[in-house]
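Quick note, the sequence shown lines up with residues 8 to 535 if you use my numbering.
We put the CB at the ideal spot given by N, CA and C, even for glycine.
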Amino acid sequence: MSKTHVENGQKTQTCPWKAARNAAKEAQVIVCDYNHLFIEGVRNASLKAMGLRLDDLVVIVDEAHNLPDRVRKGMQSRLTPTMVRNAISEIEEHYGNLQRASMVNDSMGDSLELKKWSLEVCKEFRQVLTREFKRLVGELSRDDEMEIQAIEVLNWLDEAFDKVSAHVSQSTLTGSDNVSLVPKKNIRLKVFKELLETNEVDVDEDGDNEPSAHLLAQQIDVLDRFGNGTALCLVFDGQGRDGRIITHLLDAGLVAGPIFEQVSGSILMSGTLNPPSMFADLLGITNKTRGQLILESPFAKERRPIVVATDVTTLYRERSEENTARIRDHISSVVQNTPGNVAVFVPSYSALEQIFDGTMYLPGTKKLVESKTWSKQDINSLLIELEEAPKRGRKIVIAGVFNGRLSEGVDYAGGILDTVICVGIQNAPPSVFQKAYANYIKDKFGQGNFWRYANSQPAINTILQAMGRPIRAMGDRALIVLLDRRNIERTYSICYPPDIRMNQVSDSDGSGRFAKRFFAKVQRKIET
8 MSKTHVENGQ
18 KTQTCPWKAA
28 RNAAKEAQVI
38 VCDYNHLFIE
48 GVRNASLKAM
58 GLRLDDLVVI
68 VDEAHNLPDR
78 VRKGMQSRLT
88 PTMVRNAISE
98 IEEHYGNLQR
108 ASMVNDSMGD
118 SLELKKWSLE
128 VCKEFRQVLT
138 REFKRLVGEL
148 SRDDEMEIQA
158 IEVLNWLDEA
168 FDKVSAHVSQ
178 STLTGSDNVS
188 LVPKKNIRLK
198 VFKELLETNE
208 VDVDEDGDNE
218 PSAHLLAQQI
228 DVLDRFGNGT
238 ALCLVFDGQG
248 RDGRIITHLL
258 DAGLVAGPIF
268 EQVSGSILMS
278 GTLNPPSMFA
288 DLLGITNKTR
298 GQLILESPFA
308 KERRPIVVAT
318 DVTTLYRERS
328 EENTARIRDH
338 ISSVVQNTPG
348 NVAVFVPSYS
358 ALEQIFDGTM
368 YLPGTKKLVE
378 SKTWSKQDIN
388 SLLIELEEAP
398 KRGRKIVIAG
408 VFNGRLSEGV
418 DYAGGILDTV
428 ICVGIQNAPP
438 SVFQKAYANY
448 IKDKFGQGNF
458 WRYANSQPAI
468 NTILQAMGRP
478 IRAMGDRALI
488 VLLDRRNIER
498 TYSICYPPDI
508 RMNQVSDSDG
518 SGRFAKRFFA
528 KVQRKIET
């Protein structure tokens, strides 16, 4: 795409987003991020610009195993006194612009008064929020987080509304210059939200921060839509200068379900959409409208055997130096008996540091350990290094975390990985949110489904994603090593596809022998 174009006889900078949006009007296939469909504000703006309605669309969702989390996280919002302070500054800027415009346009009186009202509400809300946050900080336990109810925040907003109304009544009596237009009580929250949404300020073109007034509007929208039910969890913690409230939507189906009802049709697909019925439930797709097709993997199972070590686990109560040493021994034994590159994935960055500390000795190999600061360019450089290593007679061990930069979304094409080692099972750590989510799932889908839907299935699906990294073509072959005995226990084994067969070894000598036999027997087929 050209960086410039001629418009009305003038050379003009080309906006890629605008060009793509205009081209989309004539397109048959549009490729976009989840947010363009599942985040209401983005969806409304995108569809309007493209001249489309939901019932014009047939939606195909790739990597659909990520969709429930992406929808819930897309609805997540934060509230802090600093955010409200910044919103005040933005409203003041817009109010000043309206004042100047009103000098040449007499019809702006009501708009000006409403904007002034919203400014006064924000000022009062900031004071209420500062007071309440100080109280909440004082009530925090050792866990440094606590759940609060949506009605509390809505009550704080009502207090701000009432204080402004009282000021208006007082100023009317005294004749002082203040706000004279106040929305009725039954619509004031909606009006306030709309005034925040439409607040216009100059933004830094190079920045990616959304105006605080818009963020506050999003917070209010979520509270207003879901605050009266059980699908919303508000968590207060002591992070930041004054603390913060994080709003979590617990049910992606409340957002996604109506969209799937309105579109002409939809296909959700993924190599780890397992089981399909669970994802349909979580996304609010009704039994009447859903159907499923499960296709067997075209890759021969003997070219990707799975071996489970039964002498190790990352279960919290069984963690010890001896257990970690056994995990290291398995990794070392498998690496020594693997001819090419090896990827190791673990549940967390802390586990990564613990396993790959200074005592982890892998002779004849180069270790590359994932960092939270890695960029896309770092990943591309790593892929080049993995591809070049065999040509130079070298072996590389890469180490990362489940759901991290290396375990999902990276195409290790060309057989550049010979073995993938998955250490442990990534269950979500205990938290206020996780407890609320588990309770919500239990209430909605029943005791029999709650652990699988909220914990075990998401954990196993992250392993399945990692397991799929090395096999990218029919001729590829790779060994999968699972270093946690829980993979063969019923709680987790039922979460794997039914056609998966688990081999077992009881120590690191066994895992090394298994690797040696496999690579001696099965060679990679170079496709021509």
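Taking 7 Å as the cut-off, the beta carbon of A263 is found no closer than this to the beta carbon of V49.
With contacts defined by Cβ atoms closer than 7 Å, G407 and F352 form a contacting pair.
7 Å or more divides the Cβ of Y419 from the Cβ of S463. A straight-line Cα-Cα distance of about 49 Å links A445 and G400. Pairwise C-beta distances place the region 305 to 318 out of contact with the region 99 to 111, as fewer than three of them are shorter than 8 Å.
Per the coordinates, the alpha-carbon of N348 lies some 45 Å from the alpha-carbon of T293. In its chain, beyond the 5 residues on either side, W163, E166 and A167 have a beta carbon closer than 7 Å to the beta carbon of V135. Annotation for Q433: P354, F409, A466 and T469 place their beta carbon closer than 6 Å to its own, counting only its chain and skipping 5 residues before and after.
Across the structure, E127 and A52 are spaced so that their CA atoms are roughly 29 Å apart.
Within the DSSP bridge table, the entry for I487 names I313 and V427 as partners. With respect to the C-alpha of L489, the residue from C429, S518 and K32 having the closest C-alpha is C429. Sixteen is the threshold: when 16 or more other Cβ atoms of the shown chains lie within 10 Å of the Cβ of N344, as they do, the residue is buried. Going by DSSP, H43 is part of the alpha helix (DSSP H) stretching over N42 to F45. Excluding five sequence positions before and after M90, the CB atoms of its chain that fall closer than 7 Å to its own CB belong to S219, L222 and L223, given in chain order.
Boundaries of the beta strand (DSSP E) harbouring K402: K402 to V408, taken from the DSSP string. For Q20, the enclosing beta strand (DSSP E) starts and ends at Q17 to Q20. With three or more CB-CB distances shorter than 8 Å, the region 236 to 252 counts as touching the region 68 to 87. The three-state reading of DSSP puts Q511 in strand, counting E and B together. Within the same chain, V270 and S271 come within 7 Å of L64 by CB-CB distance, once the 5 residues on both sides are set aside.
For K449, the closest alpha carbon among the candidates R493, R311 and A238 is that of A238. For S355, no beta strand (DSSP E) encloses it, and the DSSP letter there is neither H nor E. Residue M474 holds the alpha-carbon nearest to the alpha-carbon of G278 among R133, M474, T11 and R311.
Under DSSP, R85 takes part in a beta bridge, and its partners are I253. The continuous alpha helix (DSSP H) containing T469 extends over residues Q464 to M474. Annotation: L393 to V376 spans about 13 Å, alpha carbon to alpha carbon. With contacts defined by Cβ atoms closer than 7 Å, I487 and I313 form a contacting pair. Contact check for T320 and R492: beta-carbon distance about 5 Å, within the 8 Å limit, so the pair qualifies.
For S515 and R335, the gap between their C-alpha atoms comes out near 9 Å. Following the DSSP letters along the chain, one finds I386 inside the alpha helix (DSSP H) bounded by residues K383 to E395. Taking a cut-off of 8 Å for Cβ pairs, the region 322 to 329 and the region 377 to 388 do not touch, as fewer than three such pairs fall below it. Distance check between A480 and each of I507, G421, E120 and A108 places G421 closest, using alpha-carbon atoms only. Rounded to whole angstroms, the gap between the alpha carbons of G236 and D228 is 14 Å. In this chain, the beta strand (DSSP E) harbouring L239 covers L239 to D244. A direct Cα-to-Cα measurement between D209 and I478 gives close to 49 Å. For M285, the enclosing alpha helix (DSSP H) has its first and last residue at P283 to L289.
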